Amino acid sequence: MTRRVIASGRSCLECRRRKIKCDRELPCAYCVRTQIQCTYPPSRPDPPRMDDDLLARVRHIECTLQSLERNISFRPADWQLGQRFPFHSDPAPPVEPLHPPTAVISFIWQTYLDVVDPVLKIFHVPTIQRVVVRVIRGRLRPDSYTECLMFAVYYATVVTMSAAECHREFNEKKATLLKRYRTGVEDALRRADFLKSLDLRVLQAFVLYLICGQRDENGPNVCSLVGIAIGTAMKIGLHCDGGTVKLSPFETEMQRRLWWQICTLDVRTAEDNNSEPTILDSSFTTALPLNVNDTNLDPDMGELPPNQPGRTEMLFSLVRFEVSRFARRVVFSDSFCHKNSYPIHSDSEKCKAIDQFKERIENQYLSHCDRNIALDFVTAASNRLILAKLKLTLCKPRSDHDLGSLIQANSQKVCEEILQHAHTLRQYDRGKQWLWLSQTYFEWDALACLLLGLCMAPPAEPSSTVWRAIDEIYNYWKNDPGTNQDRRWKHIEELRWKALTVRDRMQIALQTPECSDPELAVHPSEVSPAISNHETTATIASTQSQHEDVSIGTELPGTGTACEWSAELFGQYWDIAGPGQVACVSWL
């Protein structure tokens, strides 16, 4: 077939769709190899050149409109299928029938103190506990503001519990409890006239509802509603530090805690949705909360206590706030950095900044943790994991890079570190009750990037440490129904198979150089990709002499450079961790 070169700069439709490099011939090499009809988009005349100043103004207006839309445009259609918009003006039904019995309230509150509060400091526990105890004893009929808080506590607690725990403690299905308390939160917020309320307790309840609702598959649409939380916080004045507007010391500290929970939620939501945070640095002056225990704070105090250097009840949340504030400078676009007056750095400079930030966090906070104390162990390990994930956002392959430079030297170490930290946390039985906040996602990016590197640039001597990290994560998730149903799992298995194939062929070549002919290979379709390592090796060794299919052998990278085989590998990688994949890195 005669092939001709297409105009420079244009890729065929299939290569565009898969985000791989096209050689711009007709048909291109990828379409020939995959036996797909190769077609190119029709040529278009060059558009008239727009004045640079006019273009800049148009882009500024677009950004302004997008920001306004995120903050004020919330419609019932934005909610998940079958859910009502919870804050419309219709009268809310009474919520009293949704309250659990007093004995259950007592259990829920204690569970909240044990499981939620240590990693999500929003309330001043002694103040709220006095209210809860009075309600349990029948000495207080909760007003609409208090009901918002109580239903948010019910909901948050059930979110963190397993289905088995819910059945054992409440003799009900978790889904039933979530629906009841989700309805209770929404109705209580409506009764409190949330959209007009300036009561801090109501906003505390709403923020708790949003943060914990991220772990509820039928929960609130956090992406849409975080703008309401930000707008309400600014109406109340949380964006202005209480020390500058003459608030009481106690109010100042409570507002700082809540504002930084909202800022962290804003950053996390932007990361999950491949967008940018709504809050700009120039829009607030609120300082980070103090590193103090709740017992050091009192509503009647005349001045704030001194900041403590060691372990406190605030340590876990405070480190998260520090990380989210730092992440704004290194994770998002240059345009976002420019709008916030951050310096524009290269990826290597950002990696260096992450290392410096990690050193400060270690010295200022994590060095005070005692690994023999369960919460301290989780605090240190989870934040080291978060910082490793931050670095991965910078050194992982990206579709705008040339294929030959995608596998960076430091990415394997970062990916390995992520998998090891994640496995350590999941295997730490004493700390499992606190992993609900940050350890609910499969490490798609890290595992896919590590497997891709082992396929494209395998080490001369296969590392048992690397493969142990891969197998630990793979074996943990392979029986999880939610993971197996995700379409990305198939690509993980394919990449894992190919990495195993490369490793085992290299081992055979080292042992018997005369048998290292790349023509002798077994096709992955003939062996299950989910089999164990030793089974893989045995299968390849026993079947090499029986197979002449060269579909894999001829595609294995012989020199570590990108070849046609790389197109398929990178196609699978983008299907796992490319733009638009939700909750890939999930570093916060």
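The sequence shown begins at 97 in the working numbering and counts up one residue at a time.
We put the beta carbon where it would ideally sit given N, CA and C, even for glycine.
Just so it is clear, the structure is predicted and the values come from calculations on it, not from any experiment.
Check: How many angstroms separate the CA atom of residue 349 from the CA atom of residue 511?
Finding: As a working note, residue 349 is residue 253 in the sequence shown. As a working note, residue 511 is residue 415 in the sequence shown. Answer to the nearest angstrom: the Cα atoms are 38 angstroms apart.
Next item on the list: Below 8 angstroms CB to CB, which residues in the same chain sit around residue 325 once its five sequence neighbours on both sides are set aside?
Entry: Counting from one through the sequence shown, the residue named residue 325 turns up at place 229. Around residue 325: 299, 302, 303, 306, 358 and 361.
Margin query: Helix, strand or coil, according to DSSP, for residue 42 in the structure here?
Written below: Because the chain is modelled from 97 through 684, residue 42 falls outside the range shown and cannot be assessed.
Checklist line | Cβ-based neighbour list, residue 366, same chain, cut-off 8 angstroms, excluding 5 preceding and 5 following | finding: Sequence index remark: in the sequence shown, residue 366 carries index 270 (1-based). 372, 373, 374 and 428, listed in sequence order.
Next item on the list: Might you give, ordered along the chain, the residues of its own chain that have their beta carbon closer than 6 angstroms to the beta carbon of residue 319, omitting 5 neighbours on each side?
Entry: Working through the sequence shown from its first residue, we reach residue 319 at position 223. Counting only Cβ-Cβ distances below 6 angstroms, and skipping sequence neighbours, we find 365 and 369.
Item checked: Local Cβ density within 10 Å of residue 636, reported as buried at 16 or more and exposed below that -> Residue mapping note: residue 636 aligns to position 540 of the sequence shown, counting from 1. Confidence in residue 636 is poor, its pLDDT being 35 and thus under 50, which makes the residue's placement unreliable; the coordinate value appears in the next sentence. Per the 10 Å Cβ criterion, buried.
Item checked: Whole alpha helix (DSSP H) elements within the region 318-393, 4-residue minimum -> If only complete runs of 4 or more residues are kept, the region 318-393 shows the alpha helix (DSSP H) at 318-332 and 345-368, in order along the chain.
Notebook entry, point to check: CA-CA distance, residue 338 and residue 589?
Noted result: Numbered from its first residue, the sequence shown carries residue 338 at position 242. Numbered from its first residue, the sequence shown carries residue 589 at position 493. Taking the straight line joining both Cα atoms gives about 53 angstroms.
Notebook entry, point to check: In terms of alpha-carbon separation, which member of 465, 126 and 444 lies closest to residue 487?
Noted result: In the sequence shown, residue 487 corresponds to position 391, counting from 1. Nearest option by C-alpha distance: 444.
Next item on the list: Have a look at 295, 258 and 204 and flag the residue whose alpha-carbon is nearest the alpha-carbon of residue 242.
Entry: In the sequence shown, the residue the question calls residue 242 occupies position 146. Minimum Cα distance to residue 242 is reached at 295.
Notebook entry, point to check: How about residue 481 and residue 446: do their beta carbons lie closer than 8 angstroms?
Noted result: Here residue 481 refers to the residue found at position 385 of the sequence shown. Here residue 446 refers to the residue found at position 350 of the sequence shown. No.
Item checked: Same chain only: Cβ atoms within 6 angstroms of residue 228, ignoring 5 sequence neighbours per side -> Working through the sequence shown from its first residue, we reach residue 228 at position 132. These residues qualify, in order along the chain: 205.
Margin query: Measuring straight from C-alpha to C-alpha, what distance separates residue 212 and residue 565?
Written below: In the sequence shown, the residue the question calls residue 212 occupies position 116. In the sequence shown, the residue the question calls residue 565 occupies position 469. Whole-angstrom Cα-Cα distance: 29 angstroms.
Checklist line | Buried versus exposed call for residue 606 [16 or more other C-beta atoms within 10 Å across all chains shown] | finding: Locating residue 606 in the sequence shown gives position 510, where the first residue counts as 1. Exposed is the call here.
Margin query: Only counting the same chain, and skipping five residues up and downstream in sequence, which positions put a Cβ closer than 7 angstroms to that of residue 119?
Written below: In the sequence shown, the residue the question calls residue 119 occupies position 23. Excluding sequence neighbours, residue 119 sits near 125.
Margin query: Between 539, 200, 413 and 603, which has its C-alpha nearest residue 232's C-alpha?
Written below: Taking the sequence shown and counting its residues from 1, one reaches residue 232 at position 136. Looking at the Cα atoms, 200 is the closest of the given residues.
Check: For residue 196 versus residue 250, is the C-beta distance shorter than 8 angstroms?
Finding: Start at 1 with the first residue of the sequence shown, and residue 196 comes out as number 100. Start at 1 with the first residue of the sequence shown, and residue 250 comes out as number 154. Yes, the pair counts as a contact, with Cβ atoms nearer than the cut-off.
Next item on the list: Find the nearest neighbour of residue 272 within the set 543, 245, 194 and 395, judged by alpha-carbon distance.
Entry: Taking the first residue of the sequence shown as 1, we reach residue 272 at position 176. Taking only the C-alpha atoms, the option nearest residue 272 is 194.
Margin query: I'd like the list of long-range same chain contacts for residue 459, defined as Cβ closer than 6 angstroms, with 5 residues on each side in sequence excluded.
Written below: For the purposes of this step, residue 459 is taken as residue 363 along the sequence shown, with counting starting at 1. For residue 459, where only same-chain residues beyond five positions count, there are no Cβ hits under 6 angstroms.
Margin query: With H, G and I counted as helix, E and B as strand and the rest as coil, what does DSSP make of residue 271?
Written below: In the sequence shown, residue 271 corresponds to position 175, counting from 1. Helix, per DSSP.
Checklist line | Identity of the residue in 278, 234, 136 and 584 nearest residue 122 by Cα | finding: Reading the sequence shown from its first residue, position 26 is the one you call residue 122. Of 278, 234, 136 and 584, the residue nearest in Cα terms is 136.
Check: Okay, do the region 527-541 and the region 551-565 touch, 3+ Cβ pairs below 8 angstroms being the bar?
Finding: no
Item checked: Reduced DSSP category for residue 602 - H, G, I as helix; E, B as strand; rest coil -> In the sequence shown, counting from the first residue as 1, residue 602 sits at position 506. Helix.
Note to self: So residue 411 and residue 328 are supposed to be a Cβ contact under 8 angstroms. How far apart are they, rounded?
What the structure shows: On the sequence shown, position 315 is the one that residue 411 refers to. On the sequence shown, position 232 is the one that residue 328 refers to. Wrong, their Cβ atoms sit about 28 angstroms apart, outside the cutoff.
Item checked: Alpha-carbon spacing of residue 237 relative to residue 393, whole angstroms -> Counted from its first residue, the sequence shown places residue 237 at position 141. Counted from its first residue, the sequence shown places residue 393 at position 297. Between residue 237 and residue 393, the C-alpha separation is close to 26 angstroms.
Check: For residue 209, which residues of its own chain have a beta-carbon under 7 angstroms away from its beta-carbon, when the five flanking residues on both sides are left out?
Finding: On the sequence shown, residue 209 is found 113 positions in, with the first residue counted as 1. Only 221 meet the Cβ criterion.
Item checked: residue 115, DSSP secondary structure in three states -> For the purposes of this step, residue 115 is identified with residue 19 of the sequence shown, where counting begins at 1. Note: residue 115 maps to coil in three-state DSSP.
Notebook entry, point to check: Does DSSP put residue 660 in a helix, a strand or coil?
Noted result: Counting from 1 along the sequence shown, the entry for residue 660 is found at position 564. No answer about residue 660 holds up, because its pLDDT of 40 lies below 50 and its placement is not dependable.
Next item on the list: May I have the straight-line CA-CA distance separating residue 466 from residue 472, to the nearest angstrom?
Entry: Translated into positions along the sequence shown, residue 466 becomes position 370. Translated into positions along the sequence shown, residue 472 becomes position 376. Each residue's alpha carbon lies about 6 angstroms from the other.
Notebook entry, point to check: For the candidate residues 265, 426, 533 and 572, whose alpha-carbon lies nearest to that of residue 310?
Noted result: Within the sequence shown, residue 310 is the residue found at index 214, counting from 1. Of the candidates 265, 426, 533 and 572, the one whose C-alpha sits nearest the C-alpha of residue 310 is 533.
Next item on the list: Find out if the Cβ-Cβ distance for the pair residue 569, residue 519 is shorter than 8 angstroms.
Entry: Here residue 569 refers to the residue found at position 473 of the sequence shown. Here residue 519 refers to the residue found at position 423 of the sequence shown. Yes; because the gap between Cβ atoms is below 8 angstroms, this pair is in contact.
Checklist line | Pairwise C-alpha distance: residue 586 and residue 438 | finding: Within the sequence shown, numbered from 1, the residue matching residue 438 stands at position 342. Within the sequence shown, numbered from 1, the residue matching residue 586 stands at position 490. Spanning the alpha carbons of residue 438 and residue 586 requires a straight line of approximately 40 angstroms.
Next item on the list: Pick helix, strand or coil for residue 190, following the three-state DSSP scheme.
Entry: Indexing the sequence shown from 1 puts residue 190 at position 94. Residue state, collapsed to three classes: coil.
Check: What is the rounded straight-line gap between the Cα of residue 116 and the Cα of residue 283?
Finding: Position 20 of the sequence shown, counting from 1, holds the residue named residue 116. Position 187 of the sequence shown, counting from 1, holds the residue named residue 283. Within the model, the alpha-carbon separation for residue 116 versus residue 283 is close to 49 angstroms.
Check: By Cβ distance, which residues of its chain are closer than 7 angstroms to residue 613, with the 5 residues on each side in sequence left out?
Finding: Position 517 of the sequence shown holds residue 613. Because residue 613 sits at a pLDDT of 46, beneath the cut-off of 50, its placement in the model cannot be relied upon, and the following sentence gives the value as read from the coordinates. Around residue 613: no qualifying Cβ.
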